[in-house]
């Protein structure tokens, strides 16, 4: 016998509301942790971390920090242009280019007057051709013309010769090419960029560094990595939920409100075994309130089937009704853990039970069983339906209050707990096939202490993570 009175008094048995809330908050936080691990923010953090820690990022950052205007191609081009601007021949070229003298020279050069002079000069200077006096006189007069005199003098001048040299040389083309480039927005922007001491700070690499820095100070990121380094979820992660009902209503995909054998062999009719004074109605004694299922046992006259070893199924009159549910048609498990948050009204004649079983009477494992005058029982029936292979009685708690009853089913052990406190353990041979879940209230003795209620808030089943 396990008396929990002093365990509860001195805190070894935690308060149900606090214990359940802690477990729910822990699982909620774990689910949030897992969701965050798959989220965009953490993915972005890891992506940025890979980028910032990469060799490519390091090389780019170093290159940008070492990149200067001085010594660059742009700087060399600008120096070359400045030197060309100082070139004497180029300076003279641009001076001559804009002077009136050159314009006058070109006008004369393009005139018919000069063509006439050139023809006469060619004639006078030719040998073997006789010239008359009039032609010679006309040529001399033409030669004394101010434009001709200017043309001949300018053509042989230093200015014009330099002009022609530059005009036909490569320096002018290079000058114009560099001038166009130096005055372009492309060059100006590039020069401004190269002169900027904060080139890296304006790069994508810097933005990546800053974004990573911000994420490193992000509350959610820090929360995640703090938990990642801890073992906070180890115990919770050990169990993977495979079944749950919070009883917002009757879910017929999970439960049937009659014995499973009744569904298999009696066309869906309910029945009770010999010795039961109550009849299990097909859901009429089930209530759903505030997210709980309430199985009510009450004094009520009804006819129903009872199984008797001597005569089989017979219709009988019952003075009491109750209810039951099971997952025989939908869900079974082998090895794992079941948790049941439940409370029950005190009636020593009414037995409230949460159990695991199969089509046969045994094996039968009770998560809890009330009705004992000495308190609550947990039992295992494996070899004999009338004698438990294991039994433990728990006293010292008020069954009308909520408690989280749990049973861990291992390969060769059973462990019963109430609010996380171990109240019983069994080691030995255990069923090697899946069992279904059942909840029921039965009456074996007549009583006036009714109604009696089994109220279940939540049932969860877990399998161990592989």
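In my numbering, the protein residues as written are 1469 to 1934.
From the three backbone atoms N, C-alpha and C, an ideal C-beta is built for every residue, glycine too.
Query raised in the report: Can you give the Cα-Cα distance for residue 1480 and residue 1726, rounded to whole angstroms?
Result: Our two residues, residue 1480 and residue 1726, have alpha carbons roughly 39 Å apart in a direct line.
Query raised in the report: Looking at residue 1516 and residue 1680, is the spacing between their C-beta atoms short of 8 Å?
Result: Yes. Within cutoff.
Query raised in the report: In three-state DSSP terms, what is residue 1528?
Result: Note: residue 1528 maps to helix in three-state DSSP.
Query raised in the report: CA-CA distance, residue 1475 and residue 1730?
Result: The C-alpha of residue 1730 is placed about 42 Å away from the C-alpha of residue 1475.
Query raised in the report: Nearest to residue 1495 by CA position, among 1782, 1873, 1706 and 1770, is which residue?
Result: It is 1706.
Report task. Given a cut-off of 8 Å, decide if residue 1796 and residue 1724 are closer than it, judged by their beta-carbon atoms. Result -> When the beta-carbon positions are compared, residue 1724 and residue 1796 come within less than 8 Å of each other.
Query raised in the report: In chain order, what residues of the same chain have a beta carbon less than 7 Å from the beta carbon of residue 1798, not counting five sequence neighbours either side?
Result: Exclusion of the five residues before and after residue 1798 leaves 1721 and 1722 as the residues of its chain whose Cβ lies within less than 7 Å of its Cβ.
Query raised in the report: Is it right to say residue 1483 is buried, meaning 16 or more other beta carbons lie within 10 angstroms of its own, or is it exposed?
Result: Exposed, since its Cβ has fewer than 16 Cβ neighbours within 10 Å.
Query raised in the report: Span of the alpha helix (DSSP H) holding residue 1476?
Result: Its alpha helix (DSSP H) spans residues 1473 to 1477.
**Report entry** Contact set for residue 1759: own chain, Cβ-Cβ below 7 Å, skip 5 residues either direction
**Finding:** Same-chain partners within the cutoff: 1714, 1715, 1716 and 1925.
Query raised in the report: Does the Cβ of residue 1604 have 16 or more other Cβ atoms within 10 Å, making it buried, or fewer, making it exposed?
Result: Taking a 10 Å sphere around the C-beta of residue 1604, we find fewer than 16 other C-beta atoms and assign the residue as exposed.
Query - In chain order, each alpha helix (DSSP H) run of at least 4 residues that lies wholly inside the segment 1685 to 1725 - result: Runs found: 1687 to 1697 and 1702 to 1705.
Query raised in the report: Roughly how many whole angstroms lie between the Cα atoms of residue 1881 and residue 1804?
Result: About 11 Å.
Requested in this report: Inspect the beta-carbon positions of residue 1871 and residue 1810 and report whether they are closer than 8 Å.
Outcome: Yes.
Requested in this report: Just grab the DSSP bridge partners of residue 1785 for me.
Outcome: Beta bridge pairing from DSSP links residue 1785 with 1771.
Report task. Please list, in chain order, all residues of the same chain as residue 1746 whose beta carbon is under 8 Å from its beta carbon, the five residues on each side excluded. Result -> Around residue 1746, the same chain offers 1740, 1765, 1786, 1788, 1789, 1790, 1909, 1910 and 1911 as residues with beta carbons nearer than 8 Å, after the five sequence neighbours per side are excluded.
Requested in this report: Report yes if the C-beta distance between residue 1582 and residue 1576 is below 8 Å; otherwise report no.
Outcome: It is a contact, given that the beta carbons lie within the stated cut-off.
Query raised in the report: Apart from the five residues on each side of it in sequence, which residues of its chain come closer than 8 Å, Cβ to Cβ, to residue 1683?
Result: So the list reads 1509, 1512, 1513, 1516 and 1689, once near-sequence residues are dropped.
Report task. Could you give the DSSP three-state label for residue 1737: helix, strand or coil? Result -> Looking at residue 1737 - three-state DSSP - the assignment turns out to be coil, as it is neither helix nor strand.
Query raised in the report: Using 8 Å as the Cβ pair cut-off and three pairs as the minimum, do the segment 1822 to 1834 and the segment 1768 to 1779 touch?
Result: The segment 1822 to 1834, when compared against the segment 1768 to 1779, does not touch it at the 8 Å Cβ threshold.
Query raised in the report: Are residue 1863 and residue 1843 closer than 8 Å when you measure CB to CB?
Result: Yes, the pair counts as a contact, with Cβ atoms nearer than the cut-off.
Requested in this report: Starting from the Cα of residue 1906, find the closest Cα among 1914, 1877 and 1728 and give me that residue.
Outcome: Taking only the C-alpha atoms, the option nearest residue 1906 is 1728.
Report task. Starting from the Cα of residue 1877, find the closest Cα among 1848, 1868 and 1856 and give me that residue. Result -> When each option's Cα is compared against that of residue 1877, the closest is 1848.
Requested in this report: Would you be able to state if there are at least three C-beta pairs under 8 Å between the segment 1618 to 1637 and the segment 1497 to 1504?
Outcome: No contact exists between the segment 1497 to 1504 and the segment 1618 to 1637.
Query raised in the report: Can you give the Cα-Cα distance for residue 1520 and residue 1527, rounded to whole angstroms?
Result: Taking the straight line joining both Cα atoms gives about 11 Å.
Query raised in the report: What are the boundary residues of the alpha helix (DSSP H) that residue 1498 is part of?
Result: Element bounds for residue 1498: 1484 to 1505.
Report task. List the residues that DSSP assigns as beta-bridge partners of residue 1921. Result -> Paired residue(s): 1764.
Query raised in the report: What three-state label does DSSP hand residue 1830 in the structure shown?
Result: Correct three-state label for residue 1830: coil.
**Report entry** CA-to-CA distance, residue 1669 to residue 1807, given in whole angstroms
**Finding:** About 57 Å.
Report task. Answer yes or no: do residue 1535 and residue 1663 have a C-beta to C-beta separation smaller than 8 Å? Result -> Against a cut-off of 8 Å, the Cβ pair of residue 1663 and residue 1535 comes out as no contact.
Query - Those runs of the alpha helix (DSSP H) which lie wholly inside the segment 1859 to 1886 and span at least 4 residues - result: For secondary structure counted as the alpha helix (DSSP H) over 4 or more consecutive residues, the segment 1859 to 1886 holds no complete run.
Requested in this report: Please report the residue range of the alpha helix (DSSP H) in which residue 1632 lies.
Outcome: That run of the alpha helix (DSSP H) goes 1626 to 1635.
Query raised in the report: In whole angstroms, what is the alpha-carbon distance linking residue 1938 and residue 1537?
Result: Since the first and last residues shown for the chain are 1469 and 1934, residue 1938 lies out of range.
Query raised in the report: Which residue's Cα is closest to the Cα of residue 1892: 1879, 1616, 1533 and 1874?
Result: Nearest C-alpha to residue 1892 among 1879, 1616, 1533 and 1874: 1874.
Query - Cα-Cα separation, residue 1409 to residue 1867 - result: The question about residue 1409 has no answer, for the chain in this structure spans 1469 to 1934.
Query raised in the report: When the Cα atoms are used, what is the spatial distance from residue 1851 to residue 1828?
Result: Each residue's alpha carbon lies about 12 Å from the other.
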